[in-house]
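Student: In my numbering, the protein residues as written are 36 to 432. Supplied in structure tokens, the structure appears directly below.
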């Protein structure tokens, strides 16, 4: 492979020698120390390859022998340079391309994160951006150990982080801290079921254990609902009993009440988004940004959102992107009491989905009030839920 590369850089020709005594050619090549290869007999002659410089010398040696040579094929870098010698722009462009490639290789253009399961990748990338790791940063000036310490300090969820630079790519390996799971009692561990809050029992279903309450009973927080102590063998004929400790299993459904209050600050007017909008585009190349259109913002009050589309090739982010900016006109609008109630209802409904996701809401009463600074909504919920909480039975020897 190396020999082929050297021959290509120096340049060589494949030629055909014809004459009465072409076998003399081989003697001359060997006697005068020429470097030749691919020697093959052909019609009325011999085909062989030789370096360009040696071919010029060989023609002079063959002049008196009556052997004539003709070039069949020219291969190598010298012939390419000669062909495009008049086209200087090609060489200048090639040099500029190599310089740009070398310059861009000194910067980071791709950042990947591996090893995270609970911490979002976007959160890690945002912290890396704050401490100096982002697309377009000059990698030679980066103190990776210092950056790793800063990231771990800002993200306590991470146990350690390692940043490796490979070419234009920053590979970030993270290890998250072990999160101790909630303690769950084993199925063979004796336990009671206790009440989580004040309620009225509406349904009872006990699979293991001794029920301590009946349907319709009022219970308080911490009261025992199902006992893990089971007495066996007691009857009118047999007074001997045995006591067994079991892992209580069951479901006690109770009706209870929750009270929640939500508030919104009073405002005489607020900015409302309209249907009128405009769009602007920008082209981003390396560290520079160029406007594609020249639309000027014609609104006094507005809000804008941006979308950036990056160029990719083989999952590698290119230093080229297109940004679209959507600008929406805002206008001042007076807010009424009816609108405030509507916003409070939305807030209450949203909280219900999160807080009561595992509870059944039977009734809900909304009460509205206000003071000098806020509007309030007081929510009184009547819900049914499972009241049982596992409580281990500790046996002392």
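Beta carbons are placed, not taken as given, at the ideal position from N, Cα and C, and that holds for glycine.
1) In terms of residues, what are the limits of the alpha helix (DSSP H) holding residue 375?
2) Starting from residue 14, follow the alpha helix (DSSP H) in both directions and report where the run begins and ends.
3) Alpha carbon to alpha carbon, how far is residue 181 from residue 195?
4) Buried or exposed for residue 162, please, with buried defined as at least 16 other CB atoms from any protein chain shown within 10 angstroms of its CB.
5) Comparing C-alpha positions only, which one of 126, 77, 399 and 251 sits nearest to residue 289?
6) Can you tell me which of 146, 371, 100 and 427 puts its alpha carbon nearest to the alpha carbon of residue 259?
7) Between which two residues does the beta strand (DSSP E) harbouring residue 192 extend?
8) With DSSP as the reference, identify every bridge partner of residue 142, one or two as the case may be.
9) Quick check on the DSSP output: what are the complete alpha helix (DSSP H) runs of length 4 or more inside the stretch 45-133, in order along the chain?
10) Can you give the beta carbon distance from residue 148 to residue 160, rounded, assuming they're within the 8 Å contact cut?
11) Measuring only the C-alpha atoms, how far is residue 302 from residue 224?
12) Under 8 Å between the Cβ atoms of residue 226 and residue 208?
13) Under a three-way DSSP split, which group does residue 229 fall into?
14) Any idea which residues DSSP pairs residue 31 with across the strands?
15) Would you give the residue range spanned by the beta strand (DSSP E) that residue 396 belongs to?
16) Taking the alpha-carbon positions, what's the residue 228 to residue 308 distance?
17) Quick check: what's the CA-CA separation for residue 66 versus residue 85?
18) Using only the alpha-carbon positions, how far apart do residue 88 and residue 59 sit?
Tutor: The answer reads as follows:
1) Sequence index remark: in the chain shown, residue 375 carries index 340 (1-based). Looking at the DSSP string, the run of the alpha helix (DSSP H) that includes residue 375 is 372-390.
2) Lying before the first or after the last residue shown, residue 14 is absent from the chain, which here runs from 36 to 432.
3) Here residue 181 refers to the residue found at position 146 when the chain shown is read from its first residue. Here residue 195 refers to the residue found at position 160 when the chain shown is read from its first residue. The alpha-carbon atoms of residue 181 and residue 195 are separated by roughly 13 Å.
4) As a position in the chain shown, residue 162 is number 127, starting the count at 1. It counts as buried.
5) If you number the chain shown from 1, residue 289 lands on position 254. Among 126, 77, 399 and 251, the Cα nearest to that of residue 289 is on 251.
6) Position 224 of the chain shown, counted from the first residue, corresponds to residue 259. Measuring from the Cα of residue 259, the nearest candidate turns out to be 427.
7) In the chain shown, residue 192 corresponds to position 157, counting from 1. No beta strand (DSSP E) holds residue 192; DSSP gives it neither H nor E.
8) Numbered from 1 along the chain shown, position 107 holds the residue referred to as residue 142. Its beta-bridge partners are 173.
9) 58-66, 87-96 and 112-118
10) Position 113 of the chain shown, counted from the first residue, corresponds to residue 148. Position 125 of the chain shown, counted from the first residue, corresponds to residue 160. So it is a contact: roughly 7 Å between Cβ atoms.
11) Position 267 of the chain shown, counting from 1, holds the residue named residue 302. Position 189 of the chain shown, counting from 1, holds the residue named residue 224. Roughly 58 Å between the two C-alpha positions.
12) Counting from one through the chain shown, the residue named residue 226 turns up at place 191. Counting from one through the chain shown, the residue named residue 208 turns up at place 173. No; because the gap between Cβ atoms is not below 8 Å, this pair is not in contact.
13) Counting from one through the chain shown, the residue named residue 229 turns up at place 194. Here residue 229 sits in strand by DSSP.
14) Residue 31 lies beyond the range of the chain shown here (36 to 432); nothing can be said about it.
15) Position 361 of the chain shown holds residue 396. That run of the beta strand (DSSP E) goes 395-405.
16) Counting from 1 along the chain shown, the entry for residue 228 is found at position 193. Counting from 1 along the chain shown, the entry for residue 308 is found at position 273. Taking the straight line joining both Cα atoms gives about 53 Å.
17) As a first step, residue 66 must be located in the chain shown, where it is residue number 31. As a first step, residue 85 must be located in the chain shown, where it is residue number 50. Their Cα atoms are separated by approximately 15 Å.
18) For this step, residue 88 is matched to residue 53 along the chain shown. For this step, residue 59 is matched to residue 24 along the chain shown. When rounded, the distance between both Cα atoms is 20 Å.
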